RNA sequence: GGCGCUAUCGUCUAGGGGUCAGGACGGAUGGUUCUCAGCCAUCAGACCGGGGUUCGAAUCCCCGUAGCGCUACCA
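Numbering (the working numbering), first residue to last: 229 to 733.
Take a look at the structure:
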């Protein structure tokens with residue numbers, strides 16, 4: 229394949245949806261795989277629903293996912309402008325060409341009239357198609373009327389089909405697909421207000437931008453014959469190849485609703501998911517790698533991507549699977565990325581302020597690393613690491629397991645022995661191991677009997693990361709000037725013992 | 001209504017005339033580390049229904065059913 233040109237062409241009418249993101253991803257993968265060009269075009273011909281705010285968010289979302297584009301809005305390129313609202317003159321010119329060549333005609337029918345006809349046809353059990361009334365108006369009369377009457381422009385499907393009974397094409401995913409021409413009515417290419425309709429603008433643009441492969445959702449499969457016909461009318465020498473991707477559905481197979489917050493990419497970003505995890509998971513929705521492994525980096529996806537392994541059946545977006553993948557990505561993230569993700573979420577949780585004290589980034593990195601392998605998203609960090617941030621004797625004592633440990637004389641002995649040894653000196657990993665060893669010799673407790681009381685006393689929880697890793701992080705944190713200070717291990721043990729003194733045997 | 005696309009474990013999927021129908025997530029069980037997680041091992045779990053073609057169909061064809069899409073002067 230020599231330098232394919234592909235495009236992602238969203239409408240800026242809402243957040244970047246996971247379905248659209250997946251379409252963008254497949255375009256990007258294909259372009260990168262084959263050394264091609266990835267174009268971003270904005271289809272804002274529905275002026276009432278489009279907004280530049282959405283456009284900006286769309287582009288942010290793509291960049292966050294790691295999908296950079298080579299040409300298009302924000303990047304420029306020789307085939308621009310890349311916003312359809314800035315290309316109106318081009319569509320107008322092309323439409324006039326078609327009228328001149330007898331492949332399109334002005335239509336004066338009222339919307340009301342059309343509506344009624346559609347209803348009647350449907351009632352009669354027929355396909356609802358434009359009956360072609362205005363097609364029969366003589367050209368000169370049509371031109372006269374057009375000067376004084378508002379008119380849309382319709383495409384003359386029959387003229388473009390030139391006798392063909394059906395339009396077929398070889399889809400890269402579906403194989404041969406064929407539609408009867410009789411099912412396609414003359415559709416509007418230029419609306420009354422002069423703006424182009426989707427099925428027209430797409431073809432004009434893809435042609436002018438020299439797009440070689442149209443990669444989009446299955447919802448456009450039925451539009452393809454219309455666009456192929458327009459392409460013929462526009463005298464395109466070779467139509468692009470098409471690849472229609474299976475749609476992404478929500479739970480139960482229903483369309484992924486925009487109302488579900490999780491349907492927008494922005495939500496995953498806010499939740500602190502690593503973008504590489506989203507990219508990985510999205511790629512697996514409708515495609516499978518030849519090797520069968522599912523944890524893949526962007527580079528690996530690029531190297532392995534191809535339409536031969538794209539499925540035709542719709543895929544259901546499954547959060548648990550994404551989360552499993554995300555946790556594995558999280559565990560492999562370089563330290564600086566971990567710090568970046570974690571800082572944002574800790575700030576949101578009020579644990580960090582807007583500027584970090586010296587040494588904090590390193591500390592956050594070590595903290596995040598404690599939990600990275602179990603977290604699909606960093607927004608879970610404050611909750612997961614509550615042992616660090618939320619320690620009070622009262623809270624610990626509210627846990628029956630903590631109570632039990634303190635009521636048990638052996639466990640209490642362990643905690644007291646440790647407490648006596650916890651002084652000013654920073655508790656590093658080797659020092660903790662040495663102390664644990666001393667406590668073991670003094671109390672005779674070992675293994676679970678030794679570590680469990682310590683864990684419970686110092687973290688207030690029955691489970692968590694390995695203590696030899698976690699306790700030094702607690703200690704370091706206790707010396708950092710944070711908005712909510714963290715109690716040191718010594719303070720923890722002493723406070724807990726003090727709170728229960730006298731109440732236990 | 002018309003036209004089109006699709007149909008393998010709960011989910012993502014591999015396979016595509018003869019396979020013990022494979023893997024991953026999730027579930028269950030056991031092992032391991034102070035705990036959880038993780039890791040390792042084991043187990044349960046699927047070819048939408050009906051016809052046809054064939055020695056043989058999950059695989060090819062037809063019909064049905066279901067889901068989804070298009071059928072807009074939305075994209």
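Glycine included, C-beta positions come from ideal geometry on N, C-alpha and C. Computed from a predicted model, the values in this text were never measured in an experiment.
- Going by beta carbons, residue 250 and residue 300 fall outside the 8 Å limit.
- For residue 362, the secondary structure class from DSSP, reduced to helix, strand or coil, is helix.
- When secondary structure is reduced to three states using DSSP, residue 377 falls in the coil class, being assigned neither helix nor strand.
- Beta-carbon to beta-carbon, residue 604 and residue 679 are separated by about 28 Å, too far to satisfy the 8 Å threshold.
- Listed in chain order, the non-local C-beta contacts of residue 403 below 6 Å within the same chain number zero, local neighbours out to five positions each way being set aside.
- Taking a contact as a CB-CB distance under 8 Å, the pair residue 468 and residue 441 counts as one, their CB atoms being some 6 Å apart.
- Judged by DSSP in its simplified three-state form, residue 418 adopts strand.
- For residue 236, the enclosing beta strand (DSSP E) starts and ends at 233-236.
- Following the DSSP letters along the chain, one finds residue 266 inside the beta strand (DSSP E) bounded by residues 265-268.
- Annotation: residue 472 to residue 676 spans about 57 Å, alpha carbon to alpha carbon.
- Residue 335 holds the alpha-carbon nearest to the alpha-carbon of residue 418 among 461, 700 and 335.
- When the beta-carbon positions are compared, residue 311 and residue 272 come within less than 8 Å of each other.
- Secondary structure of residue 441 (DSSP, three-state): strand.
- Take the alpha-carbon of residue 248 and the one of residue 590: they are about 37 Å apart.
- Bridge pairing for residue 388: absent [DSSP].
- Of all C-beta pairs linking the stretch 678-697 to the stretch 562-570, fewer than three are shorter than 8 Å, placing the two stretches out of contact.
- 8 Å or more divides the Cβ of residue 585 from the Cβ of residue 711.
- Short of 7 Å from the beta carbon of residue 400, and not among the five residues preceding or following it, lie these beta carbons of its own chain, in chain order: 469, 470, 471 and 535.
- Take the alpha-carbon of residue 324 and the one of residue 504: they are about 47 Å apart.
- Inclusion of residue 410 and residue 416 in the CB contact set at 8 Å is not warranted, their separation being larger than that value.
- A distance of 8 Å or more separates the beta carbons of residue 333 and residue 361.
- Between the C-alpha atoms of residue 422 and residue 346 there is a straight-line separation of about 23 Å.
- Residue 290 and residue 393 have their alpha carbons spaced roughly 41 Å apart.
- Residue 606 and residue 628 have their C-alpha atoms spaced approximately 29 Å apart.
- For residue 470, the beta-bridge partners assigned by DSSP are 399 and 442.
- Using a Cβ-Cβ distance cut-off of 8 Å, the stretch 381-396 and the stretch 447-466 are in contact, since at least three pairs of beta carbons, one from each stretch, lie closer than that value.
- Collapsing the DSSP output to three states places residue 301 in coil.
- Boundaries of the alpha helix (DSSP H) around residue 453: 452-461.
- Bounds of the alpha helix (DSSP H) holding residue 554 are 547-560.
- Contact annotation, residue 646 with residue 667: C-beta distance approximately 5 Å; criterion of less than 8 Å satisfied.
- If you keep only unbroken alpha helix (DSSP H) runs of at least 4 residues inside the stretch 648-706, you get 657-671, 676-687 and 695-706.
- Two segments are said to touch when three or more pairs of C-beta atoms, one from each, lie closer than 8 Å; by this definition the stretch 653-673 does not touch the stretch 572-581.
- In the displayed model, residue 369 falls within a helix according to three-state DSSP.
- Along the stretch 591-641, the beta strand (DSSP E) does not occur as any fully enclosed run of 3 or more residues.
- The DSSP assignment places 332-335 as complete runs of the beta strand (DSSP E) inside the stretch 304-363, in order along the chain (cut-off: 3 residues).
- Counting only residues of its own chain and dropping the five nearest sequence neighbours on each side, residue 639 has a CB closer than 6 Å to the CB of 633 and 681.
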